[in-house]
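Trainee: Encoded as structure tokens, here's the structure I'll be asking about.
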Amino acid sequence: MLFGKECRRILTSLTFIIYCFVVGLFFVSQYIEENKGDPYIPDEKISEDHDVIMNGAVGNLANEYLANNYICYPYGFYKSVRLNEDDSQKVEECLLEVTGLTHDELMDIRDSGEHYYVEHGLQETMYYEIGELPVSDTITYERFCELMGQVDDILGGGSSYKVEDLVVTYSYVPMTEEDREAVISDLYEKDRVAGGYARLFSDYVGIDLGIMPVFVAAALVSADRRKRVSDLIYTRKISSLKLIFTRYAALVTMMFIPVILCMIAAAIQLIKYFDFNDLALYRMFTLPTFWLLPQLMIVTAVAMIVTEVFSSGIAILLQFAWWFSSIMASGAKLSGSISKFDLVCRHNTVFGRDEFMLSRNDFIFNRIFFFIAAIVITAITAYVYELKRGGRFHGIRLFGKDSIFRHKA
Amino acid sequence: MVREIFHVILFGGDKMEKKIEIKNVSKFYGRKQALFDIDLTIGQGMFGLLGRNGAGKTTLMKTLAALHRKKGGEITVCGVPIEKAKEIRAMTGYLPQDFSMYPSMKTDEALDYLGALSGIPKAERKKRVTALLRKVNLIEHRHKKVKELSGGMKRRLGIAQALIHDPTVLIVDEPTAGLDPEERIRFRNLLCEVAEERIVILSTHIVGDIEATCENIAIMDEGKILWKGTVEQLIENARGHIFTSNVEKRFMPQIKKEYIVTGMLSQNDYTTVRIVSDSEPDLPNTVLTEPDLEGAYMYCLHSSGCDVKGGEE
């Protein structure tokens, strides 16, 4: 069977061995070693209390407004934003509406406190100690969200006032003893322990699967060209659709096997540290499969099409850029907020089930979207392959004598 | 088998004529024209395509193997238009000029893999792999990795892979380049064997290969067919234009400049030279000689207006 032969080719390739090694090493060092014994319980929790969120956001906004220095993470990258007078005025209007203060009252608060300086690179920024600001009695949470959305727009996006992130950014409150007990209780009762660890497992392994598959896929796809076998394969009877999908299925299967082995190891570790009766072990397999398989599929599919189209290792650069921006975008908030198009979904804690469930719909959409996109991209790859084998397309060369950037006389 | 019997019952006898028809075919690489109005009919048996490097042979071979798209004209392979790539692939075996296979695969594995890509069922594939490895004398090396095979062995593996799906047409592009004489002879014999029941197109710039294997040939240069016919006709064309002279060695540089020299044999201070010329060369001891294929080929190029510098250094 061709599928088996393709699997065998992958199994004997050096890049696949390196892939297994990296996935295994990362899993052992980050997950296995860090989860020996009782789980670490965080000091804070998400409250979802609107007052807490509004107070937190208003305090931060006032601080940043008065300093005219807003810390943003557009596309995951740190950026210090300083507004011009007009935009600053618009932010002030939002702030005044949320607090119910007048301009003069705000300035009085500013002037009544101490100030201090913080270095941002080569620049120094003056901040004011303004204490806690009031939130207007008349403002609704919906209006507050609307205003925060406007502020985020003015700042160019990526700020801490992004409506979707307000809860996970500003609703943290210290945990009480009851909270700690509730967290433990949630882990045992709602997550049946394995659910919580499955999320953490997926978080760690997902980082690997955002980048590592590109090496194996690009190596396999480019092997025909590198080993000058393309013409031999092109002249075979097999249809391009069947060949490409068989190779794709072999890649995904082979690269998912180490992930399954990691799941088994994680499950064994759970059995070691927890009472077997408290565990719903199947969750250690179902959630990571739903979480990680579409990610592996989309990374593999993108690597295949880019390698076919560009006939070079450009797929690795592109994937690195995508992976890096996705990691950076979620870097500020390691848990709780998964958006519809995040490649790498993060939830770096065993706890926080409720927090995770807030993004559940987006998470499900995200994974199904990538699953379907991967299939579609693979079908397009098969079409590109058919064009190439019939001499109707020869790939886009970015480098060398056939480069598209080279001047043609 | 059942299909063939059914075909015979319905349509009688030979279900399709084994021939390739090429009519007015042209091909461009960007703006550069690589093939000019190629017209050829290739029947069953060995057919030789002879030409210098860069003559367009590989382009024509790849076009026939449905690897390249032609710009104009028509090609039918056993009645199937070349545009029906899937059918063409099913009936064509192709040995590319620079045959290469995944180096870490074992010899039998490589054949089996390519057989699987040709859609041959597993049981049938197993039989064919063994039979073909035996035929190309690689059965004892079946467990060797491809990278461990010698150049000649690789070329024989190449012909085996091209035959794995029992194609009606076999296209072999420069198969003997770089082989030692023994391997070359072995390879030619192998080609002649497989040509008994199919169309085999042998593209080469080595005249000896054509001489030893083909009856029908075409000569290509700069993307055009210069000549087509039988080997005998080509030789006959050159009759009266191949001469032998016995000249002093010191005159050789000048002779090479003025004439197309196809052979030299030195003895003491004299050299016997074989010359292609429209008329008898004005040299001492010149005699008209029986033409050979190499001389006939050179004469064909020369008489077609090609820039032939047979002996010039």
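Those sequence lines, one after another, are chains A and B.
Sequential numbering from 1 applies to the first sequence in my numbering.
Sequential numbering from 1001 applies to the second sequence in my numbering.
No residue lacks a Cβ here, since even glycine has one placed at the ideal position from N, Cα and C.
Computed from a predicted model, the values in this text were never measured in an experiment.
Report the rounded CA-to-CA distance for Ala382 of chain A versus Ile375 of chain A, giving the unit in angstroms.
Mentor: In a straight line, the C-alpha of Ala382 of chain A is about 11 Å away from that of Ile375 of chain A.
Trainee: Whole angstroms are fine: how far does the CA of Ile1164 of chain B sit from the CA of Ile18 of chain A?
Mentor: Approximately 35 Å, taken between the alpha carbons.
Trainee: Residues in its own chain within less than 8 Å of Ile184 of chain A by CB, not counting five upstream and five downstream?
Mentor: Ile41
Trainee: Under 8 Å by Cβ, that's how I've got Arg1188 of chain B and Ala1212 of chain B pegged, so tell me the actual separation to the nearest angstrom.
Mentor: Their Cβ separation, rounded to whole angstroms, is 5 Å, which keeps Arg1188 of chain B and Ala1212 of chain B in contact under 8 Å.
Trainee: Per DSSP, Glu119 of chain A forms a beta bridge with which residues?
Mentor: A:Glu124
Trainee: Residues of chain A with CB closer than 9 Å to the CB of Thr1092 of chain B, please, in chain order.
Mentor: Thr235
Trainee: Do Ala1055 of chain B and Glu1174 of chain B have their CB atoms nearer than 8 Å?
Mentor: No, these two residues do not count as a Cβ contact at 8 Å.
Trainee: Just how far apart, CA to CA, sit Tyr248 of chain A and Lys1154 of chain B?
Mentor: 29 Å
Trainee: Would you mind working out which of A:Ile10, A:Leu2, A:Met1 sits nearest Leu251 of chain A, comparing C-alpha positions?
Mentor: For Leu251 of chain A, the closest of A:Ile10, A:Leu2, A:Met1 by C-alpha to C-alpha distance is A:Ile10.
Trainee: Could you compute how far the alpha carbon of Ile1075 of chain B sits from the alpha carbon of Leu1060 of chain B?
Mentor: 11 Å
Trainee: Using the Cα positions of Gly4 of chain A and Ile1042 of chain B, report the straight-line distance between them to the nearest angstrom.
Mentor: Roughly 40 Å between the two C-alpha positions.
Trainee: Does Ala409 of chain A get closer than 8 Å to chain B when you measure Cβ to Cβ?
Mentor: Annotation note: pLDDT 37 at Ala409 of chain A (below 50); position unreliable, no value reported.
Trainee: Give the interface partners of Ser1150 of chain B over in chain A, defined as CB-CB distance under 8 Å, in chain order.
Mentor: Correct list: empty, because the minimum Cβ distance to chain A is about 18 Å.
Trainee: What residues are listed by DSSP as bridge partners for Ile1217 of chain B?
Mentor: B:Gly1048, B:Gly1229
Trainee: Bridge partners for Tyr248 of chain A per DSSP, in chain order?
Mentor: Looking at the DSSP assignment, Tyr248 of chain A forms no beta bridge with any residue, so it has no partner.
Trainee: Tell me the DSSP secondary structure of Ser1245 of chain B in three-state form.
Mentor: strand
Trainee: Kindly indicate which residue of A:Ile238, A:Leu398, A:Ile207 has the alpha-carbon position closest to the one of Pro1087 of chain B.
Mentor: In the sequence as presented, Pro is not what sits at residue 1087 of chain B; that position holds Glu. The residue with the shortest Cα to Cα distance from Glu1087 of chain B is A:Ile238.
Trainee: For Gly149 of chain A and Asp86 of chain A, what's the separation of their Cα atoms in angstroms?
Mentor: 17 Å
Trainee: If we count the other Cβ atoms within 10 Å of its Cβ and call it buried at 16 or more, is Lys1027 of chain B buried or exposed?
Mentor: buried
Trainee: On the three-state DSSP scale, how would you describe Pro74 of chain A?
Mentor: helix
Trainee: What number of angstroms, rounded off, separates the C-alpha of Asn366 of chain A from the C-alpha of Ile380 of chain A?
Mentor: Per the coordinates, the alpha-carbon of Asn366 of chain A lies some 21 Å from the alpha-carbon of Ile380 of chain A.
Trainee: Counting only C-beta atoms, is Arg1069 of chain B closer than 8 Å to chain A at any point?
Mentor: yes
Trainee: Taking just the CA atoms, how far does Asp1037 of chain B sit from Gly1072 of chain B?
Mentor: 8 Å
Trainee: For the segment 20 to 96 of chain A, list the alpha helix (DSSP H) runs that are entirely contained and at least 4 residues long, ordered along the chain.
Mentor: 50 to 67
Trainee: How should Met1298 of chain B be labelled, buried or exposed, when 16 other C-beta atoms within 10 angstroms of its C-beta is the threshold for buried?
Mentor: buried
Trainee: When DSSP labels each residue in this structure, what does Pro1081 of chain B get in the three-state scheme?
Mentor: In the displayed model, Pro1081 of chain B falls within a strand according to three-state DSSP.
Trainee: At 4 residues or longer, and completely inside the segment 272 to 326 of chain A: list those alpha helix (DSSP H) runs for me, N to C.
Mentor: Runs of alpha helix (DSSP H) with 4 or more residues, each lying fully within the segment 272 to 326 of chain A, are found at 283 to 310, listed in chain order.
Trainee: Of all the CB atoms in chain A, is at least one closer than 8 Å to the CB of His1205 of chain B?
Mentor: no
Trainee: Could you have a look at Val350 of chain A and say whether DSSP puts it in helix, strand or coil?
Mentor: Residue state for Val350 of chain A is assigned as coil, using DSSP reduced to three classes.
Trainee: What whole-angstrom Cβ distance do Ser160 of chain A and Asn69 of chain A have, given they're in contact under 8 Å?
Mentor: Not quite, the Cβ-Cβ distance comes to about 13 Å (not below 8 Å), so this is no contact.
Trainee: Would you list the one or two residues that DSSP bridges to Lys1023 of chain B?
Mentor: B:Glu1074
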